[in-house]
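Here's the structure we're looking at; comments come further down.
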Amino acid sequence: MTKSTVNQSKNFFELNFDQLKIFFKEDIGLEQKKISMRATQLWQSIYKKGLKNINDLSTLPKELRDELNRFINIKKPQIIKKQKSDDGTIKWLIKLFDNNEVECVFIPEKTRGTLCISSQVGCTLNCRFCHTGTQRLVKNLNFSEIIDQVMIAKEELNDWQEQKKITNIVLMGMGEPFYNYDNVKTAVDILKNKDGLNYGTKKITVSTAGIADKIALAAKEIGTYLALSLHAPTDEIRELIMPINKKFKIKDLIEQCKTYAKITKEKITLEYVMLRGINDSEICAKLLIKIMAQFPCKVNLIEFNPWPGVNYLPTERKEMEKFSEIIQKAGYISTIRRSRGQDILGACGQLRTESLRKKIN
Ligand code: SF4
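In the numbering used here, each residue's number is its place in the sequence shown (first place is 1) plus 134.
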């Protein structure tokens with residue numbers, strides 16, 4: 135066995151599977167015919183079984199374990215705050231290795247558990263109803279920092295082997311995933327890897343505020359469910375609440391969604407946060423139906439969660455139901471998403487950390 139002369143410990147989570155194989159070859163000096171097997175063993179033990187100490191990987195020869203201990207570590211960032219809501223929702227505040235902070239939220243339901251993870255610290259898009267949007271962009275998360283959130287949540291929930299607790303993963307936390315496209319793509323590849331976390335494409339949803347020029351590419355390269363944060367049926371209203379609409383108009387989004395649905399053969403979920411007197415009228419419902427008629431989709435009506443300093447009010451429940459009925463009567467799926475974790479500011483659009491602005495990755 136030959137060894138790299140550079141004795142610098144790499145972090146396992148910063149390697150995708152191909153990079154892990156290169157690590158076995160170049161840093162450990164393992165013979166070619168054993169590389170795939172050993173990389174798979176390590177990968178499976180960490181992602182499937184939650185291995186925390188390489189010495190516990192008894193299927194590897196001791197000499198190899200010693201080498202791994204010298205050249206790789208499986209450290210994860212630390213949780214600095216954990217809050218549990220009355221409804222069972224859990225929010226973790228995580229301090230990354232560079233001291234930035236990121237949040238992720240676990241939402242347990244009767245038949246499934248959804249983990250909502252972040253793709254950026256802060257966000258550039260400033261959607262007016264979103265608390266995260268009031269925090270300037272600090273940085274794009276690298277793929278390991280996206281995966282770290284999943285691993286930390288799995289460890290907290292002791293959710294190994296059969297994935298009974300976290301059944302679904304949504305990239306709907308802080309940030310716009312398509313503004314951190316490459317890292318999100320690599321993270322989703324790791325989530326999907328059958329030897330590891332093994333989440334199927336139908337267990338993962340990537341949510342976008344409507345970065346139209348990335349949608350078709352994502353259909354081909356990422357291929358998960360797509361959620362589009364539409365939130366308004368006209369450019370006028372959308373521009374008022376989502377400045378990104380100045381760049382990408384609803385017409386562009388419709389065209390891209392047609393392509394996405396065609397490639398993935400799946401319905402797109404339209405997210406629609408209901409703001410009293412802004413986007414919740416009967417006319418808005420009818421205009422939304424016109425959009426929904428153009429590509430396979432369903433709509434999720436979201437209760438707005440006010441946060442300190444926001445100017446919007448939530449639409450009343452009965453008005454939400456009326457809005458929903460109009461859409462259903464037109465033959466489309468419309469659900470009202472119950473707000474979860476409101477008491478811990480863990481609900482949609484409420485995530486915000488105190489990281490200071492630094493340069494973007
Ligand atoms: S809703 Fe999403 S895209 Fe808009 S500001 Fe908030 S985190 Fe950013």
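For glycine and all other residues, C-beta sits at the position ideal for the given N, C-alpha and C.
Quantities reported herein were computed from a predicted structural model and do not represent experimental measurements.
The beta carbons of V340 and L364 sit no closer together than 9 Å. The C-alpha of M426 lies about 17 Å from the C-alpha of I371.
Three or more Cβ pairs closer than 8 Å define a contact, and the segment 264-272 falls short of that threshold against the segment 379-386. Within the model, the alpha-carbon separation for R204 versus Q142 is close to 8 Å.
The beta carbons of Q283 and V318 sit no closer together than 9 Å. Relative to the ligand SF4, the beta carbon of S468 is positioned no closer than 8 Å to any heavy atom. Here A464 has I423 as same chain residues with Cβ atoms under 6 Å from its own Cβ, once five neighbours each way along the sequence are excluded.
Across the set E165, N145, Q175, the C-alpha of Q175 shows the shortest separation from the C-alpha of K328. Judged by the Cβ position, E355 fails to qualify as a neighbour of the ligand SF4 at the 8 Å threshold, every heavy atom of the ligand being at least this far. Comparing alpha-carbon positions, the option among F263, E296, K399 lying closest to R246 turns out to be E296. In this structure, the ligand SF4 has no non-hydrogen atom nearer than 8 Å to the beta-carbon of C250.
In terms of Cα proximity to E455, the closest of L185, N207, I436, N145 is I436. Beta-bridge annotation (DSSP): T403 is paired with A361, K432. By the C-beta density criterion, R172 is buried, having at least 16 other C-beta atoms within 10 angstroms.
Contact between T248 and C257 fails: their C-beta atoms lie close to 20 Å from each other, not under 8 Å. In the structure shown, K229 falls within a strand segment according to DSSP collapsed to helix, strand and coil.
Under DSSP, R471 forms a beta bridge with I436.
The alpha-carbon of I412 is positioned some 16 Å away from that of S458. By the C-beta density criterion, L149 is buried, having at least 16 other C-beta atoms within 10 angstroms.
Short of 6 Å from the beta carbon of C431, and not among the five residues preceding or following it, lie these beta carbons of its own chain, in chain order: K401, I402, L404. Taking the Cα of E355 as reference, the smallest distance to any Cα among D316, T223, T469, S219 is reached at D316. With a 10 Å radius around the Cβ and a threshold of 16 neighbouring Cβ atoms, N276 comes out buried.
Per the DSSP secondary-structure output, Q212 pairs in a beta bridge with K229. For the 9 Å CB-CB criterion, S278 and F147 form a contact. In the DSSP assignment, S458 falls outside any beta strand (DSSP E) and lies within the alpha helix (DSSP H) extending over 451-463. In this structure, the alpha-carbon of Q178 lies about 12 Å from that of L325.
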